[in-house]
Amino acid sequence: STRSPRPRSRFGLDPRLSQSFILLSSQLSKTYGPMYTFHLGSRPCVVLSGYQVLKEALIDKAEEFSGRGDFPAVQMWSKGNGIVYGTGERWRQLRRFAIGTLKNFGMGKRSMEQRIKEEAQFLVAEFRKTQGQPFDPTFFLSCAGSNIICSLVFGERFEYTDEAFLTLLDLINTEQSFSLLPQLLFVFPNIMKWVPGPHQRIYANYLKLAKFVGERLEMNRQSLDPNSPRDFIDCFLIKIQQEKGNPSSHFNEDTMAKTTVNLFFAGTETVSSTLRYGLLILLRHPEVEEKLHEEIERVIGDNRAPCMDDRSQMPYTDAVIHEMQRYANIVPMGVPHTVTRDIEFRGYSLPKDLNVIPLLCTSQSDPTQFRNPNTFDPTHFLDEAGRFRKREAFLAFSAGKRVCLGEGLANMEMFLFLTTILQNFRLKALMDPAAIDLTPESTGLGSIPRPYQFCLLPQ
2 STRSPRPRSR FGLDPRLSQS FILLSSQLSK TYGPMYTFHL GSRPCVVLSG
52 YQVLKEALID KAEEFSGRGD FPAVQMWSKG NGIVYGTGER WRQLRRFAIG
102 TLKNFGMGKR SMEQRIKEEA QFLVAEFRKT QGQPFDPTFF LSCAGSNIIC
152 SLVFGERFEY TDEAFLTLLD LINTEQSFSL LPQLLFVFPN IMKWVPGPHQ
202 RIYANYLKLA KFVGERLEMN RQSLDPNSPR DFIDCFLIKI QQEKGNPSSH
252 FNEDTMAKTT VNLFFAGTET VSSTLRYGLL ILLRHPEVEE KLHEEIERVI
302 GDNRAPCMDD RSQMPYTDAV IHEMQRYANI VPMGVPHTVT RDIEFRGYSL
352 PKDLNVIPLL CTSQSDPTQF RNPNTFDPTH FLDEAGRFRK REAFLAFSAG
402 KRVCLGEGLA NMEMFLFLTT ILQNFRLKAL MDPAAIDLTP ESTGLGSIPR
452 PYQFCLLPQ
């Protein structure tokens, strides 16, 4: 059969719709089924939605769906290098290396857990300075999230007032907050270069960030000790040395710069946005905050800082964090995939290199999987006995070959930051909790909470 997912709905997307692209895609799947094709320009894209189809594609046929769709604004610069947008054998090697390095840092002298615990204390110190007055937590949470990546990549954290650090933060945040308009232009790569617009800023920001990384790289090279790497850059420099004699090696300074920049864009705003959303959810649901305080008091007390070993004894906290990630839906759409070879899938023929968009949010709001998909409900992740239970339909970090390699790191940050904040403070809303609006602001490709202020009262 050479059928293509029906119907071949050929519609152009008006830029004004860019804000609600995710919503539109979800609605179309209700009309046309869990798999449909639409055309962006002349290019067909297949959209996958719902837990069952996403599982069959990303998990059961992981290899066939593991190609990476193209984002020309990024490709103009990364040219298929790096771990987020890379493809083929080069991507496999880089990913293997990155996972190994992240694991080793988890077990090193200053493990990632240690670094996150330290950052959580700096964050609490900044929060104390608000002295119970209303404030917007966005900046502080962004600083904390970025510092974890800085610590991993550069081997050090920055003060929240450091000039270079603030520039870095600015580059990352500006890039993240673009609407979908540039994404829609991605389907016309040949004219992209000549069309003005936000995508040109993405490209310019990538170049600036690469320059920043390049300068750090040079500093590391001057003081490198091959026997005791301090950070991701050191590990990469050592790997480049080891592979020097191998002409087909993918380890060079170009891929290193691009992989490092990928880590920044993928790892900074996602955690801080989820935390910001999470705190707003707790302001809306004070009864949930109360139960968290009880569990923190019972398991950790107030004489020591929280640590990852506590999590297994804190099923309610674990469930709340997973439900925050499910409900907040910060990355509703996976980065586009491509099919790696001609395949038959659910009765359709999908040609090699076909662009596939996984609508991850449709798994996390699938009514066959979650009892109250549109409600914040921690019991989605608890069994009858109150123990934490994993849910296969929870795809906040995607799944299969392209599963987010920072999943472990992000979960560690969420747990340690949230428990440390709640161990030290109680949240106070500036209005009746029932009146708090949890509807996100869409930025086209992601959801972020609307700006808000609240008070933190020291415990």
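To convert, note that position 66 of the sequence shown is 67 in the working numbering; the numbers rise steadily by one, no gaps.
Just so it is clear, CB atoms sit at the ideal spot from N, CA and C, and this is done for glycine as well.
The structure displayed is predicted, hence computed values, not measured ones.
Check: residue i C-beta below 7 Å from any heavy atom of the ligand MN
{"i": "residue 279", "result": "This structure lacks the ligand MN; in fact it carries no ligand of any kind."}
Cα-Cα separation, residue i to residue j
{"i": "residue 64", "j": "residue 319", "result": "31 Å"}
{"i": "residue 1", "j": "residue 441", "result": "With the chain represented from 2 up to 460, any question about residue 1 goes unanswered, as that position is not in the structure."}
{"i": "residue 321", "j": "residue 376", "result": "13 Å"}
{"i": "residue 125", "j": "residue 66", "result": "42 Å"}
{"i": "residue 330", "j": "residue 418", "result": "19 Å"}
{"i": "residue 150", "j": "residue 332", "result": "19 Å"}
{"i": "residue 213", "j": "residue 224", "result": "18 Å"}
{"i": "residue 187", "j": "residue 44", "result": "Annotation note: pLDDT 40 at residue 187 (below 50); position unreliable, no value reported."}
{"i": "residue 352", "j": "residue 366", "result": "29 Å"}
{"i": "residue 408", "j": "residue 113", "result": "13 Å"}
{"i": "residue 450", "j": "residue 374", "result": "18 Å"}
{"i": "residue 250", "j": "residue 237", "result": "13 Å"}
{"i": "residue 308", "j": "residue 141", "result": "21 Å"}
{"i": "residue 222", "j": "residue 241", "result": "12 Å"}
{"i": "residue 355", "j": "residue 47", "result": "8 Å"}
{"i": "residue 416", "j": "residue 162", "result": "25 Å"}
{"i": "residue 385", "j": "residue 313", "result": "17 Å"}
{"i": "residue 393", "j": "residue 160", "result": "39 Å"}
{"i": "residue 453", "j": "residue 115", "result": "30 Å"}
{"i": "residue 460", "j": "residue 297", "result": "12 Å"}
{"i": "residue 51", "j": "residue 344", "result": "20 Å"}
{"i": "residue 292", "j": "residue 234", "result": "42 Å"}
Beta-carbon proximity list for residue i, same chain, < 7 Å, skipping 5 on both sides
{"i": "residue 389", "result": "316, 319, 320, 382, 383"}
{"i": "residue 1", "result": "Residue coverage of the chain in this structure runs from 2 to 460, which leaves residue 1 outside it and unanswerable."}
{"i": "residue 120", "result": "145, 148, 149, 158"}
{"i": "residue 458", "result": "133, 426, 427, 429"}
{"i": "residue 215", "result": "258"}
{"i": "residue 325", "result": "275, 278, 279, 282"}
{"i": "residue 323", "result": "382, 395"}
{"i": "residue 1", "result": "Examination of residue 1 is not possible in this model, given that the chain is present from 2 through 460 alone."}
Host alpha helix (DSSP H) of residue i (start-end)
{"i": "residue 236", "result": "233–243"}
{"i": "residue 283", "result": "270–285"}
{"i": "residue 118", "result": "113–129"}
{"i": "residue 437", "result": "Residue 437 -> no alpha helix (DSSP H), and no H or E assigned at all."}
{"i": "residue 521", "result": "Past the edges of the chain, shown from 2 to 460, lies residue 521, and the structure says nothing about it."}
CB contact below 8 Å: residue i versus chain D
{"i": "residue 280", "result": "Of the protein chains in the structure, only one exists, and it is not chain D."}
Span of the beta strand (DSSP E), counted from its first residue to its last, around residue i
{"i": "residue 48", "result": "44–50"}
{"i": "residue 385", "result": "Segment: none, residue 385 is in no beta strand (DSSP E) and carries neither H nor E."}
{"i": "residue 349", "result": "349–351"}
{"i": "residue 395", "result": "First-last for residue 395: undefined, no H or E at that position."}
{"i": "residue 426", "result": "426–429"}
{"i": "residue 469", "result": "With the chain covering only 2 through 460, there is no way to say anything about residue 469."}
Cutoff 8 Å; reference residue i; Cβ partners in own chain excluding five residues on either side
{"i": "residue 131", "result": "456, 457"}
{"i": "residue 68", "result": "88, 338, 339, 340, 341, 354"}
{"i": "residue 286", "result": "377, 434"}
{"i": "residue 139", "result": "273, 277, 452"}
{"i": "residue 462", "result": "Examination of residue 462 is not possible in this model, given that the chain is present from 2 through 460 alone."}
Cβ-based neighbour list, residue i, same chain, cut-off 6 Å, excluding 5 preceding and 5 following
{"i": "residue 342", "result": "353"}
{"i": "residue 156", "result": "231, 232"}
| message | Is it the case that the stretch 352–366 contacts the stretch 48–59, given that we only count it when at least three CB pairs across the two stretches are under 8 Å? | response | Result yes; three or more Cβ-Cβ pairs closer than 8 Å.
| message | Which runs of the alpha helix (DSSP H) at least 4 residues long sit entirely within the stretch 353–378? Give them in chain order. | response | Listed in chain order, they are 362–365.
| query | Do the stretch 339–356 and the stretch 284–303 meet, that is, are 3 or more Cβ pairs less than 8 Å apart? | reply | Counting C-beta pairs closer than 8 Å gives fewer than three between the stretch 339–356 and the stretch 284–303, which falls short of the contact rule.
| Ordered list of alpha helix (DSSP H) runs contained in the stretch 287–356, each at least 4 residues | Annotation: the stretch 287–356 contains the following complete segments of the alpha helix (DSSP H) (minimum length 4 residues), in chain order: 287–300, 316–329.
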